[in-house]
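First the structure, in the form of structure tokens, and then the observations on it.
Number of protein chains: 4
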Amino acid sequence: MESREQLLAVALHMLAERGYAGVGLRELAAEAGVTTGSIYHHFSSKEDLVRSAVDHYADRVVEQQQDLLASDAGAAERLWSVVEWLVAGEADAGWRRDFSLVANVELRKLPGFDSTYRRLRATFFKLVREPVRRGIASGELRLPEGATVEDVVSLVIAGIVGSLEMHAQRALRVPLDRQLRLHMATILQSLRPVPGAATGATEERRSLAGERTTRAAHGAARSRAARE
Amino acid sequence: MESREQLLAVALHMLAERGYAGVGLRELAAEAGVTTGSIYHHFSSKEDLVRSAVDHYADRVVEQQQDLLASDAGAAERLWSVVEWLVAGEADAGWRRDFSLVANVELRKLPGFDSTYRRLRATFFKLVREPVRRGIASGELRLPEGATVEDVVSLVIAGIVGSLEMHAQRALRVPLDRQLRLHMATILQSLRPVPGAATGATEERRSLAGERTTRAAHGAARSRAARE
Amino acid sequence: MESREQLLAVALHMLAERGYAGVGLRELAAEAGVTTGSIYHHFSSKEDLVRSAVDHYADRVVEQQQDLLASDAGAAERLWSVVEWLVAGEADAGWRRDFSLVANVELRKLPGFDSTYRRLRATFFKLVREPVRRGIASGELRLPEGATVEDVVSLVIAGIVGSLEMHAQRALRVPLDRQLRLHMATILQSLRPVPGAATGATEERRSLAGERTTRAAHGAARSRAARE
Amino acid sequence: MESREQLLAVALHMLAERGYAGVGLRELAAEAGVTTGSIYHHFSSKEDLVRSAVDHYADRVVEQQQDLLASDAGAAERLWSVVEWLVAGEADAGWRRDFSLVANVELRKLPGFDSTYRRLRATFFKLVREPVRRGIASGELRLPEGATVEDVVSLVIAGIVGSLEMHAQRALRVPLDRQLRLHMATILQSLRPVPGAATGATEERRSLAGERTTRAAHGAARSRAARE
DNA sequence: GATGAATGAGACTTCATTCAT
DNA sequence: TATGAATGAAGTCTCATTCAT
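Residue numbers (the working numbering), protein chains in the order written: chain A, 1 to 228; chain B, 1001 to 1228; chain C, 2001 to 2228; chain D, 3001 to 3228.
This is the structure:
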């Protein structure tokens, strides 16, 4: 196999496992089946190698996301596609899980990765935002009271990010696919348009702004306890 | 302040910022206002220092969680308490955000931290599971069709973990408190007992197991596309 | 002895022997009786070590030259002092010979040593120029026809530099002190004021500008031969 | 041009600029317009390449010196020829300046270059010694009191070496040709036969041996001051 | 003859850790 | 307890040299 590809693959894996500072070039080279010095025929420095690895796989992820973005299916259908894509990606034992960890955790620490980082985030946000926005425009979906499109997008993405990371950490106590599907189902349910009495539950739901006048005492007590 | 306390605080912060391998004892000592050699009067090694820092703050977190666990309020009320506690913790600029990052990201990489890691996770899971379980037992809550208590707990925790991490990474596009509250509200809504026709949405919701008979063609196509 | 002093001394010596790129820190440390890593307690880098060594000894040289500059003796007397100082310096087996080589040969190649280099040169030039200038002003000396003060200064210094370097290279076939004294005696003789017919040798001496009209043929032949 | 010639030329130049250890074969090859591996088709090792470069140019220098040696002109005339040859060599921007630096500075450091080194020195010394010796034998020249032929030869060569090196270092404050001509003129003047009372300056000139009886006190004081 | 990726020894530098003061 | 110079293993990187193409 190509030395360069091998190095990229091993670099991503080690980066996910140990973080940038924990990556040792000697071990990395050995695991890729080349000698330490050979790294410098393909990359100009450790940082260049790591950056190349991240960018290489980021490109593949973004490509896949572009395919998903190009769909002309309905809103719910497209959101389910995202779930299927995530499940498929995490199911194989390949680079996708490593990439999730790197993108979510390590990328921010490395200097000069802002653009890659932003590109990944922006594409992923769009992948969720587009279906939601269009679904609402077409009446297929309906925002919960007081929520904006961005609120819903954040909700979806935070759930996905948390699920993937817990899965990668082996801290998820249910299968990942089940987790992601239930997550999406729950969100979609809260976006389902109800012809009748809207949701009528307003008086019971908390304000999203956090000021709860009816239970000030409880709130204050809780805040005090939580402060330390 | 005590040298030891200072060292613990700086260690947690640097661990969150740079990971275990990125922590340098010289810089750590300098930032804590002590000399390099002094570290070894308080701790036997770098690992001991880091372990002590994590354990020290883990103790404080678990204590706070124990307080929350001891509550005898209703199910929804207790879940809201968790949200309030999280919001309060992340709001201050203190150790809580650093600890979130360390607990979610770094802890798994360090050898010998399994027990701390498990203790933290177990307490946090219990913090969510207890109210849900009791709420269902008392009829205050009602599980969505096909979901188990553990499904719901995972849903809640993944959303929280994802939200906190995105917040820590400054990738969250809405305020953290708004995000967490909307998350909890959405979950609680899906757990709300409906006197009438249950949810009636069964025919539209996907099975959580992933086998979708009605749209086999689409699904196969998507899967193929998503594989690469 | 002080590690730092040892390192400076060994660094100067190795620099003289092998040049900057030829200096190996491992060997340098071993020769100074310390471990490789210890170098970095005293100096921030190889370049810092070398720079410090050069500057350290340059300071001592400049100090000694300042003492010589402060003399209020006659012109010839002061020029002889310079010779005596050089002879004394080169006679011992200490740092002076190494420093000569470094200052004359290596300094120019190292980046960032311009100021040290200029300081050394400037002081040394002044050491020769001052006595010459004053001797001429007072009538103690007298410039050869067509020569300027700077010509004479360059003459003196080039002879000294060449002598020291050949000595350092063991290419000088007479003792250094004898060489330097004869050099100075010859120069002083050419500066001796003659009461009678000036020098009268004008018609025999070549023009310093190089255009020799009377021997064009010879010159052309020579030039042809010399061109390759 | 021939790859081999290019490599030799670039090698000489880099050797002059950076010294043996500072020469990198990759960069050298690139600058010569060949690939790294190609070097080993022409030379068996880095040392072989450098040795070949020095020897190649040394041959050309020695050839030119042989031409000068073959002259049957008068003593002064032949010494002036040396000056003209030097000036012509340094005037072009070609290999001669690089070779001066290498021969004077780097050659001594390289193992195995003793023979080249000696050959160069010996020829150059002969180039000066022959005219002086013959000029004295024929009465065209006359040694200063107390000086030997070798003294004068050393004087001439040290002045030349110092001048060339200062010129190469851009530390010479007068034009090189003017410097060399004034140097030779001064030497020749001191060798001019005076029909009358010799030079009569004996009582004023210092003994070349260094023992100055008439100014013991001054000398002692100076020595003390110069020692440090 | 020419190429350039591969090699592995050795370069400079940083690290956690120790210890005499 | 505190200090900070010393240690030596390990880190990243460069080098001269080789070899399949």
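Even glycine gets a Cβ: it sits at the ideal position worked out from N, Cα and C.
So is the beta-carbon of alanine 3053 of chain D under 7 Å away from any non-hydrogen atom of the ligand ADP? Ligands in the displayed structure: none, and consequently the ligand ADP is not present.
Per the contact definition of three or more C-beta pairs closer than 8 Å, is the segment 2041 to 2049 of chain C in contact with the segment 3117 to 3133 of chain D? They do not touch, by the three-pair rule.
Could you check whether the Cβ of leucine 3008 of chain D sits closer than 8 Å to any Cβ belonging to chain C? No, leucine 3008 of chain D does not count as interfacial toward chain C.
Go ahead and pull the three-state DSSP assignment for leucine 1110 of chain B. Leucine 1110 of chain B: coil per DSSP, three-state reduction.
Would you check if the segment 10 to 21 of chain A and the segment 94 to 113 of chain A touch, i.e. whether three or more CB-CB distances between them fall below 8 Å? The segment 94 to 113 of chain A vs the segment 10 to 21 of chain A: in contact.
Would you say isoleucine 1136 of chain B faces chain A, with C-beta separation under 8 Å as the test? Isoleucine 1136 of chain B does not count as touching chain A.
Cutoff 8 Å: threonine 116 of chain A Cβ touching any chain B Cβ: No, threonine 116 of chain A does not count as interfacial toward chain B.
Give the DSSP-derived three-state secondary structure of valine 1153 of chain B in the structure shown. Of the three classes helix, strand and coil, the one that applies to valine 1153 of chain B here is helix, per DSSP.
Check for me: the alpha helix (DSSP H) holding threonine 1186 of chain B runs from which residue to which? Threonine 1186 of chain B -> alpha helix (DSSP H) spans 1176 to 1191.
Please report the straight-line C-alpha distance between alanine 3171 of chain D and arginine 2121 of chain C, rounded to a whole angstrom. Here the alpha carbons of arginine 2121 of chain C and alanine 3171 of chain D stand approximately 8 Å from one another.
Tell me the start and end of each unbroken alpha helix (DSSP H) in the segment 3020 to 3066 of chain D that is at least 4 residues and wholly inside, in chain order. If we require 4 residues or more, the alpha helix (DSSP H) runs fully inside the segment 3020 to 3066 of chain D come out as 3025 to 3032, 3039 to 3042.
State whether the segment 1180 to 1189 of chain B contacts the segment 183 to 192 of chain A, with contact taken as three or more CB pairs (one from each stretch) at a distance under 8 Å. With three or more CB-CB distances shorter than 8 Å, the segment 1180 to 1189 of chain B counts as touching the segment 183 to 192 of chain A.
Is the beta carbon of leucine 3068 of chain D less than 8 Å from the beta carbon of leucine 3164 of chain D? Taking 8 Å as the Cβ cut-off, leucine 3068 of chain D and leucine 3164 of chain D do not qualify as a contacting pair.
According to DSSP, simplified to helix, strand and coil, what is glutamine 6 of chain A? DSSP, reduced to helix, strand and coil, places glutamine 6 of chain A within a helical segment of the structure shown.
Comparing the C-beta of aspartate 3055 of chain D with each C-beta of chain C, is any distance below 8 Å? Taking Cβ atoms only, chain C never reaches closer than 8 Å to aspartate 3055 of chain D, which makes this a no.
So is serine 1163 of chain B in contact with chain A if we call contact Cβ pairs under 8 Å? Chain A, which has a Cβ nearer than 8 Å to the Cβ of serine 1163 of chain B, makes this yes.
DSSP-derived helix/strand/coil call for threonine 199 of chain A: Caution is warranted here: a pLDDT of 43 is assigned to threonine 199 of chain A, below 50, making its placement in the model unreliable, and the coordinate value is therefore given only provisionally. In the three-state reduction of the DSSP assignment, threonine 199 of chain A falls in the coil class.
Run through DSSP, which three-state label would serine 2071 of chain C get? Serine 2071 of chain C falls in the coil class under three-state DSSP.
Label alanine 30 of chain A either buried or exposed according to how many other C-beta atoms from any shown protein chain fall within 10 Å of its C-beta, with 16 as the threshold for buried. Alanine 30 of chain A comes out exposed.
Taking DSSP as the reference, what is the three-state secondary structure of alanine 139 of chain A? The question names alanine, but residue 139 of chain A is glycine in the sequence shown. Of the three classes helix, strand and coil, the one that applies to glycine 139 of chain A here is coil, per DSSP.
Between the segment 1036 to 1055 of chain B and chain A, which residues of the former have a C-beta closer than 7 Å to a C-beta of the latter? Taken residue by residue, none of the segment 1036 to 1055 of chain B has a beta-carbon sitting less than 7 Å from a beta-carbon on chain A.
What is the DSSP secondary structure of threonine 3148 of chain D, counted as helix, strand or coil? In the three-state scheme derived from DSSP, where H, G and I count as helix and E and B as strand, threonine 3148 of chain D is classed as coil.
C-alpha distance - valine 3161 of chain D paired with glutamine 6 of chain A, whole-angstrom precision: Straight through space, the alpha carbons of glutamine 6 of chain A and valine 3161 of chain D are spaced by roughly 57 Å.
With a CB to CB cut of under 6 Å and the five nearest residues on each side skipped, what residues in its chain are close to tryptophan 2080 of chain C? By the criterion of a C-beta distance shorter than 6 Å, tryptophan 2080 of chain C is surrounded by no residue of its chain, once the five residues flanking it on both sides are discounted.
Run through DSSP, which three-state label would arginine 2119 of chain C get? In this structure, arginine 2119 of chain C counts as helix in the three-state DSSP scheme.
With a threshold of 8 Å between beta-carbons, can lysine 109 of chain A be considered close to chain B, or not? Lysine 109 of chain A counts as touching chain B.
Per DSSP, what kind of secondary structure is valine 3087 of chain D in: helix, strand or coil? Helix.
Leucine 1101 of chain B lies in the alpha helix (DSSP H); which residues open and close that run? Per DSSP, leucine 1101 of chain B belongs to the alpha helix (DSSP H) from 1095 to 1101.
In chain B, which residues lie with their C-beta within 9 Å of the C-beta of glycine 74 of chain A? Under the 9 Å cutoff, chain B gives no residues; its nearest Cβ is about 11 Å from glycine 74 of chain A.
Any chain D beta carbon closer than 8 Å to aspartate 2151 of chain C: So yes, aspartate 2151 of chain C belongs to the interface.
Who are the near neighbours of valine 153 of chain A in its chain, counting only those whose CB is closer than 7 Å to its CB and skipping five residues on each side? Same-chain partners within the cutoff: Phe125, Val128, Arg129, Val132.
Taking buried to mean at least 16 other C-beta atoms within 10 Å of its own C-beta, is arginine 1178 of chain B buried or exposed? By the neighbour-count rule (16 or more Cβ atoms within 10 Å), arginine 1178 of chain B is buried.
Please tell me whether valine 2061 of chain C has its Cβ less than 8 Å away from any Cβ of chain D. By this cut-off, valine 2061 of chain C is not an interface position.
Does DSSP classify leucine 3079 of chain D as helix, strand or coil? DSSP places leucine 3079 of chain D in the helix class (H, G or I) of the three-state scheme.
Would you verify that the beta carbon of serine 2154 of chain C is, or is not, closer than 8 Å to some beta carbon of chain D? At least one chain D Cβ lies under 8 Å of serine 2154 of chain C.
Give a yes or no on whether the C-beta atoms belonging to histidine 1167 of chain B and leucine 1155 of chain B are separated by under 8 Å. With respect to leucine 1155 of chain B, histidine 1167 of chain B sits apart: the two C-beta atoms are not nearer than 8 Å.
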